[in-house]
Amino acid sequence: QQQVKQSPQSLIVQKGGISIINCAYENTAFDYFPWYQQFPGKGPALLIAIRPDVSEKKEGRFTISFNKSAKQFSLHIMDSQPGDSATYFCAASMSSGYSTLTFGKGTMLLVSP
Amino acid sequence: EAGVAQSPRYKIIEKRQSVAFWCNPISGHATLYWYQQILGQGPKLLIQFQNNGVVDDSQLPKDRFSAERLKGVDSTLKIQPAKLEDSAVYLCASSLGDTFSYNEQFFGPGTRLTVL
Chain A
15 QQQVKQSPQS LIVQKGGISI INCAYENTAF DYFPWYQQFP GKGPALLIAI
65 RPDVSEKKEG RFTISFNKSA KQFSLHIMDS QPGDSATYFC AASMSSGYST
115 LTFGKGTMLL VSP
Chain B
3 EAGVAQSPRY KIIEKRQSVA FWCNPISGHA TLYWYQQILG QGPKLLIQFQ
53 NNGVVDDSQL PKDRFSAERL KGVDSTLKIQ PAKLEDSAVY LCASSLGDTF
103 SYNEQFFGPG TRLTVL
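Quick mapping for you: the protein sequence lines, in order, are chains A and B.
Just so we're aligned, residue 15 is where the first sequence starts under my numbering, counting upward by one.
Just so we're aligned, residue 3 is where the second sequence starts under my numbering, counting upward by one.
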């Protein structure tokens with residue numbers, strides 16, 4: 015059972031454009047939603063995270079939008095740069111107890127110069 | 003602060019052979035995780051330790067996979083015997099281990115395993 019569905023599988027954006035990646039979850043017990051960035055040969059690294067008590071969180075060029083009723087959340091990368099080219103994973107977890115992450119399948123982003 | 007260390011970085015073995023991966027978490031982190039990341043997919047949790055006790059191993063194929071975390075610090079993940087479908091990147095992660103709030107997981111660079 016895939017509890018976190020992520021789309022698109024891959025994305026090509028021109029430099030300066032907006033990259034948008036979407037995720038949907040099923041388990042209503044999830045209350046912590048991080049996004050991870052992974053470069054080739056490296057482990058995933060936390061990029062930005064949100065809790066369901068807010069509808070949006072912004073950190074620099076990265077914004078998470080959260081829709082609790084639809085059980086969906088998305089990552090927006092403004093002014094996309096070639097250095098943003100990486101694989102992005104959404105994930106979901108419960109914020110208390112032993113925090114196990116459930117990951118989406120990932121989106122490979124390529125920002126063309 | 004040193005990150006999560008893993009070795010080896012790459013391993014190629016024949017099917018039915020055995021292999022072991024090592025992980026050294028960030029100092030002071032009580033929780034240690036092993037994930038399997040198959041090409042084109044997100045990481046899947048194999049086993050989670052809190053200090054030297056197992057918290058979750060529900061997705062660990064116990065007929066061939068084993069893991070231990072002696073003394074609550076370093077950990078070893080073993081596969082015996084390996085199958086072709088075990089080809090993946092094995093990621094180790096660690097976190098502080100406070101069960102009252104979410105603790106960020108820090109990932110190591112992973113071990114890429116190829117089973118021929």
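Ideal placement from N, C-alpha and C gives every residue a C-beta, glycine not left out.
* **6 Å Cβ shell around Ser21(A) - same chain, five flanking residues per side excluded** => The answer, listed in chain order, is Asn36.
* Asked: Is there contact here, the stretch 85-93 of chain B with the stretch 26-46 of chain B, by at least three beta-carbon pairs under 8 Å?
  -> Contact holds: three or more Cβ-Cβ distances are below 8 Å.
* Asked: Should Arg18(B) be labelled buried (16 or more other beta-carbon atoms within 10 Å of its own) or exposed?
  -> If you draw a 10 Å sphere on the C-beta of Arg18(B), you find fewer than 16 other C-beta atoms in it, and that means exposed.
* DSSP state of Lys73(B) mapped onto helix, strand, coil -> Collapsing the DSSP output to three states places Lys73(B) in a helix.
* Which listed residue (Gly31(A), Gln23(A), Ser24(A)) has its alpha carbon closest to that of Pro127(A) -> Of the candidates Gly31(A), Gln23(A), Ser24(A), Gly31(A) places its Cα closest to the Cα of Pro127(A).
* Start and end residues, beta strand (DSSP E) containing Lys85(A) -> Element bounds for Lys85(A): n/a, residue is neither H nor E.
* To do: Using three-state DSSP, classify Leu34(B) as helix, strand or coil.
  => Here Leu34(B) sits in strand by DSSP.
* Can you give me the Cβ contacts of Lys72(A) inside the same chain, cut-off strictly under 6 Å, excluding the 5 residues immediately before and after it? => None.
* Cβ pair Ser24(A), Leu89(A) closer than 9 Å -> Cβ atoms of Ser24(A) and Leu89(A): not closer than 9 Å.
* Could you say if the stretch 14-28 of chain B and the stretch 106-118 of chain B meet the contact criterion of at least three C-beta pairs nearer than 8 Å? => With the cut-off at 8 Å, the stretch 14-28 of chain B and the stretch 106-118 of chain B touch.
* Residues in the stretch 92-126 of chain A with C-beta within 7 Å of chain B's C-beta atoms, listed in sequence order? -> So the list reads Phe103, Ser107, Ser109, Ser110, Gly111, Tyr112, Ser113, Thr114, Leu115, Phe117, Gly118, Lys119, Gly120, given in the order they occur along the chain.
* Along chain B, in chain order, which residues have C-beta atoms closer than 9 Å to that of Leu61(A)? -> Chain B residues near Leu61(A): none, gap ~11 Å exceeds 9 Å.
* Check the Cβ-Cβ distances between Pro66(A) and every residue of chain D, and say whether any is below 9 Å. => Note that chain D does not occur in the displayed structure, where the protein chains are A and B.
* To do: Verify the CB distance criterion: does Gly30(B) have a CB-CB separation below 9 Å to chain A?
  => Gly30(B) does not count as touching chain A.
* Give a yes or no on whether 9 Å exceeds the smallest Cβ distance from Lys56(A) to chain B. => With 9 Å as the cut-off, Lys56(A) counts as an interface residue toward chain B.
* Alpha-carbon to alpha-carbon, Tyr50(A) and Phe108(B) -> Approximately 11 Å, taken between the alpha carbons.
* To do: Count the other C-beta atoms from every protein chain shown that fall within 10 angstroms of the C-beta of Asp100(B), then say buried if there are 16 or more, exposed otherwise.
  => Exposed is the call here.
* To do: Ignore the nearest five residues each way along the sequence and tell me which others in Lys82(A)'s own chain have a CB closer than 7 Å to its CB.
  => Within the same chain, Lys82(A) has close Cβ partners Pro66.
* Roughly how many angstroms lie between the CA atoms of Gly57(A) and Ala106(A), to the nearest whole one? -> Gly57(A) and Ala106(A) have their alpha carbons spaced roughly 18 Å apart.
* Give me whichever residues DSSP pairs with Ile64(A) in a beta bridge. => Partner(s): Phe47(A).
* Buried/exposed call for Ser69(A), threshold 16 Cβ in 10 Å -> By the 10 Å Cβ count, Ser69(A) comes out exposed.
* Asked: In angstroms, rounded to a whole number, what distance separates the CA positions of Leu124(A) and Ala100(A)?
  -> Counting only the Cα atoms, Ala100(A) lies some 7 Å from Leu124(A).
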